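When the letters of the sequence shown are read in order and numbered with the working numbering, they come out as residues 1 to 102. Glycine is no exception: its CB is placed at the ideal position from the N, C-alpha and C atoms. It should be emphasised that the depicted structure is a prediction, and the values quoted were computed from it without experimental measurement.
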Amino acid sequence: MITRFEKYGPCLFTYLDHPDIMPDNNAAERAIRPFVVQRKVSGNFISPEVMTIYSIHLSLHRTCKRNGVNYEDVIIPLLKGDTVEVLRLLGLKEVKPPPMIE
């Protein structure tokens with residue numbers, strides 16, 4: 001334990017020098033809570049595909065909420081394939097994907 005503290009000790013107290021960093025991971029725990037509750041209530045997901053779809057929509061919903069954007073305003077252009085409009089609504093810019101490695 002002492003060796004571990006010597007190695008990671010400075011990282012454990014980062015929040016003391018940076019007031020915008022929380023000393024706990026409660027925000028992360030709260031972020032995944034809806035996913036865990038859904039999984040428990042439904043007894044699990046019917047298939048990996050359904051879990052993936054639910055995860056994507058939950059992530060999008062949380063992103064909208066954090067950015068003060070109405071989820072319904074984003075989902076319609078998303079379903080139409082208008083990614084430029086979705087990125088604009090979320091206040092993001094379009095990023096070119098990295099080149100494919102052959």
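*Is it right to say Val50 is buried, meaning 16 or more other beta carbons lie within 10 angstroms of its own, or is it exposed?*
exposed
*What span of residues does the alpha helix (DSSP H) with Gly9 cover, start to end?*
2-12
*Buried or exposed: which applies to Val37, given that a residue is buried once 16 or more other Cβ atoms fall within 10 Å of its Cβ?*
exposed
*Rounded straight-line distance, which links the Cα of Leu92 to that of Tyr15*: 28 Å
*Is it the case that the Cβ atoms of Leu58 and Val74 are separated by a distance below 8 Å?*
no
*Return the CA-CA distance between Ile2 and Pro19, expressed in angstroms with no decimal places.*
27 Å
_Exposed unless 16 or more other CB atoms sit within 10 angstroms - verdict on Val84_ = exposed
_CA-to-CA distance, Ser42 to Arg66, given in whole angstroms_ = 26 Å
*asked:* Could you compute how far the alpha carbon of Ile32 sits from the alpha carbon of Glu6?
replied: 31 Å
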